[in-house]
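This report refers to the structure that appears directly beneath it.
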Amino acid sequence: MPANDAEVFDNWLPDSNTVKFRKGYVQHASSVGSGNVDTIASFVTTAGANQLLACGGGQIYDVTSGTATSRGSGYASDRWDTASFNNQLVFVNGADFPQVYDGSTVSAASFSGGSVAYDKFFTAQVFKNRVFYAASNELAFWYTELFASTGAVTKFPLVGISERGGHVVAIGTWTVDGGSGPDDFLAIFTSEGEVLVYQGSDPGTDFSIVGRFYVGRVVDSRAVASIYGKLFVATERDYIYLPDQFITQGGGRDSKLSGAARDAAASYGSIDGWQTHYSPNEGLMVINVPTGPSTSVQHVINVKTGAATRFTGINARVWAEFQGSLYWGGTNGTVNKYAGTSDGGAAIVCVARTSPSPLRTNSEKIVTAYRPRLLSNGTFSSVTGLAYDYGKREFLQSITLSAPGGSTLPLYWPFSWSDEDVTRDEWQRGAGRGTYVQLYLQATSTIDVSWLGTDYISEPGGILR
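With the working numbering applied, the sequence shown covers 794 to 1258.
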């Protein structure tokens, strides 16, 4: 394992120059039903108004202001897929008849043709000024007329084109030229791990298949996200970028999270709640991993550096962007904003266990002292310890680190200066011996904390190898 990796890395967010606490969350809206909020989606009206919709308890709500106002009800599923096009937000979920939202009203969509039951549409994707749909248990896709989001649809069968069979499970798009030009591609993912890549502007006249690849089964229809002219996909084998994976025909190097991806898919792949979501302002790719009907963790990648971490304590069902911020749907009828320094008022707990390191000498050693260098502007608690030679035992010690209070100058300046950021770098007593050393660090706080690095003092404890 490389020295800059970790065996455990929870709620620490790796940045370009430091490692810091992830953000917390604050409640934005409640009473979106009383259980799982399985869909949130943003929409911009023709007048330029930004709106946020959320789905729970069999209803579609407008939660823009923080108050949940019902716009539609009586639905069998809250897990909708949405597509914004032609001044409408289209909702499909594979169980209910598709719905459309125009900025004020939710109503049943109007469809014709296509030889399909329209309530089977479960995913929708905008491509080349049309909306493309996939239907449950069908090896085909459907597309609208030019500049239409609903109305007449035409079936495009994939039987005889797909080599592995199965049915369509997801649709994605990517572009090479950064816009709606000739280098735009439509990717159709099947239940058997096959990807069919099409190019063209009109499926009825000039669509051509330009690639047929095997990348492994996609874990969910929501597990495909566009980023930087590529597609990020969560499969049962790894988290991959397309078309990068096509170049190596699936034989490229594993990602840093490949082991975590395989384990998560094997353990939780059948649970609803998977999603990949790119947050441009946060610079994060979030992979939501449901671990139960109302619990989840997130595998998170800093897209600038490629460094990865895991979020715990955020039981999200779905993620979306709204007015430049990241929001998520909870399990208790709430919509929350990723912001602040606490989890709804509770302290964030960050845990790390570093990769085993010989500390530059391949010999047995005794670490007599060590110091994690932590930067903050207030009081927080931490637990630290050491483990040796891949063992699981840590020699733990707890410390509370306090910031100096702000000074006041009542004669000239009648306000307290805000606390300054201070580096805590007190030496801690080491214990034990071994060749490879691992640091365990747990920090608990409701303030910003950054981890700048760790220093060790060691002495020989055995024969040089």
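Where is the CB? At the ideal position from N, CA and C, for every residue including glycine.
All values reported here derive from a predicted model rather than from experimental measurement.
In the DSSP assignment, the residues bridged to R1222 are A1162. With contacts defined by Cβ atoms closer than 7 Å, R1103 and Y1233 do not form a contacting pair. The shortest CA-to-CA distance from T1028 to any of F1006, A1058 and F1000 is the one to A1058.
The secondary-structure analysis by DSSP pairs V812 across a beta bridge with P807 and W1244. Scanning the stretch 999-1085 for uninterrupted alpha helix (DSSP H) segments of 4 residues or longer gives 1037-1040 and 1051-1061, listed from N- to C-terminal end.
At the C-beta level, D831 and D871 come within 7 Å of one another. By the C-beta criterion, the stretch 872-892 is judged not to be in contact with the stretch 1137-1153, since fewer than 3 inter-stretch pairs fall below 8 Å. By the beta-carbon neighbour count (other beta carbons within 10 angstroms, threshold 16), S1238 is buried.
Around the beta carbon of N804, 16 or more other beta carbons sit within 10 angstroms, so the residue counts as buried. For T968, same chain residues with a beta-carbon under 8 Å away, outside a window of 5 residues either side, are G974, D976, D977, F978 and G1022 in chain order. Taking all protein chains shown into account, L939 has fewer than 16 neighbouring C-beta atoms within 10 Å of its C-beta and is therefore exposed. Counting only unbroken stretches of 3 or more residues, the beta strand (DSSP E) elements lying wholly within the stretch 1092-1135 are 1101-1104, 1111-1115, 1118-1122 and 1128-1131, in sequence order.
Check the Cα spacing between G1085 and each of A901, V837, I1064 and P1073: the tightest is with I1064.
Between the stretch 999-1011 and the stretch 1046-1056, the count of C-beta pairs closer than 8 Å stays below three; the two stretches do not touch.
By the neighbour-count criterion, in which 16 or more other beta carbons inside 10 Å mark a residue as buried, T1124 falls on the buried side. Nearest to R1010 by alpha-carbon distance, out of G958, T966 and L1050, is G958. Shown here, Y911 sits in a helix according to DSSP, grouped into three states. By the Cβ-count criterion, E1075 is buried, with 16 or more other Cβ atoms from all chains shown falling within 10 Å of its own Cβ. By the CB criterion at 7 Å, V883 and S942 fall inside the cutoff.
Here V988 is bridged, per DSSP, to F982 and F1006. One thing to note: Q918 has its Cβ no nearer than 7 Å to the Cβ of I954. Around G1099, the same chain offers K1049 as residues with beta carbons nearer than 8 Å, after the five sequence neighbours per side are excluded. N886 sits in coil when the DSSP states are folded into three classes, being neither helix nor strand.
DSSP places T1216 within a strand segment (E or B) once states are collapsed to three. When only Cα atoms are considered, S1243 and I1094 end up about 18 Å apart. In the three-state DSSP reduction, H960 falls in the coil class, being neither helix nor strand. Straight-line spacing of the CA atoms in E956 and Y991 works out to 15 Å. V856 is classed as buried because its beta carbon has at least 16 other beta carbons within 10 Å across all chains shown.
Around the beta carbon of Y1163, 16 or more other beta carbons sit within 10 angstroms, so the residue counts as buried.
Proximity to A1224 across D1214, Q1235, D1241 and E1252 peaks at E1252, based on C-alpha coordinates. Residues A933 of the same chain have their beta carbon placed closer than 6 Å to that of P950, with the five preceding and five following residues left out of the count. Minimum Cα-Cα distance from G1126 among the listed residues N810, Q820, Y936 and F1025 corresponds to Q820. In the DSSP annotation of this structure, the continuous segment of the beta strand (DSSP E) that includes T832 starts and ends at T832 to V837. For V856, the secondary structure class from DSSP, reduced to helix, strand or coil, is coil.
Within a 10 Å sphere around the beta-carbon of A822 sit 16 or more other beta-carbons, which makes this residue buried.
Around the CB of K1097, fewer than 16 other CB atoms lie within 10 Å, so the residue is classed as exposed.
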